[in-house]
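Data first, discussion second: the structure below is written as structure tokens.
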Amino acid sequence: MCCVASEVWHVPTECKTIQAAIDAASDGDEVLVAKGTYVECIDFSGKTISIRSESGAKYTIIDGQEKGTVVSCVRPSSAIMEGFSIVGGAALVGGGIRIENATPIIRSCMIEFNEAGEGGGAYVSAGTPQFDNCVFSFNVADDGDGIWCVNAKPLITACIFAGDSIGYKTGEMITIRDTNSDFGACCIGETCVQTASVACYEAGGFFRGEDERCLDACPETCDEDVNEDRRVNMTDLLRVIGAFGYCP
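Numbering (our numbering), first residue to last: 1460 to 1707.
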């Protein structure tokens, strides 16, 4: 338990764990976390609070040690989380982060080495969260290594997807933004994303062109489109050639 009432809750000096600080905080409070590794899974508990690290994501780590989702925001909340490495999550949905019916802002975080059936890095359902200046890498999932969206409209700004993917299974809009001016339609698997070209390619998508709209920019996939980028070209042929030989 925390022993000092304050609008700023310090971890670990006032509160031994991040979750203890969240439990003690009220809407509008701030949780300030010193550098170190915190072995726990946390839940915002529906509170609109700010959780920030003192030293940034490189030095402030929340490790779930494969005991569930590392960061959960599954009740209405407009919380802010800034400056953490989120690692070691393992769950059916949302290994690193799970967001449902909420609008949190996740800023300057590194979401890495998490796994799930859907959304290795993050799972977003029926919410409008923001991901600003985050890195998604080395996450593993059956669907959406980086982010998996269901009836959600996330805003993704200046994020890096190092080998991770973005996926969704509804017709909602995902928006990715960076500082480039060539804003247009980006085809990622079965979805269309409004973004700039660099962010599109970093997310593993095909950029249709500046000023193109998602409404009619992305064609349907077809059997000949081996890599599912909605184009039949040399890349598809090379994948087929690379698979020549006996069937497994």
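Note that beta-carbon positions come from the ideal geometry of N, C-alpha and C, so glycine has one too.
Local conformation of S1536 per DSSP, three classes:
coil
Residue ranges of each beta strand (DSSP E) within the segment 1489–1530, 3 or longer:
1489–1492, 1495–1498, 1509–1512, 1519–1522
Open item on the list: Do S1584 and P1563 have their beta-carbon atoms positioned less than 8 Å apart in this structure?
Closed with: no
message: Are the CB atoms of G1542 and C1568 within a distance shorter than 8 Å?
response: yes
key: Assigned exposure category for D1623 - 16 Cβ within 10 Å defines buried   = buried
Exercise. Run through DSSP, which three-state label would Y1582 get?
Worked result: strand
Thinking C-alpha only, which one of F1597, I1477, I1501, G1505 is nearest G1527?
I1501
- Buried or exposed by the 16-neighbour rule on C-beta atoms within 10 Å, applied to K1506: buried
Item checked: A1479 - containing alpha helix (DSSP H), residue span -> 1477–1483
_Using a 10 Å radius around the Cβ and a threshold of 16 neighbouring Cβ atoms, would you call R1534 buried or exposed?_
exposed
Buried or exposed: which applies to S1514, given that a residue is buried once 16 or more other Cβ atoms fall within 10 Å of its Cβ?
-> exposed
CB-CB under 6 Å to L1551, same chain, minus the five flanking residues each way: which ones, in chain order?
G1576
Exercise. For the beta strand (DSSP E) that contains S1544, what are its first and last residues?
Worked result: 1544–1546
From the DSSP secondary-structure annotation, give me the bridge partner or partners of E1559. S1584
Requested in this report: Indicate the three-state DSSP secondary structure (helix, strand or coil) for G1630 in the structure shown.
Outcome: Since pLDDT at G1630 reaches only 47, below the 50 mark, its modelled position is unreliable, and no value is offered.
With DSSP run on the structure shown, which of helix, strand or coil describes S1567?
coil
F1703: buried (16+ other C-beta within 10 angstroms of its C-beta) or exposed?
-> exposed
Review point. Hey, how far is the Cα of E1683 from the Cα of C1677?
Key: 16 Å
Requested in this report: Using the Cα positions of G1630 and E1571, report the straight-line distance between them to the nearest angstrom.
Outcome: Note on G1630: pLDDT 47, under 50, position unreliable in the model; no value is reported.
Alpha carbon to alpha carbon, how far is A1655 from I1606? Give it in angstroms, no decimals. 18 Å
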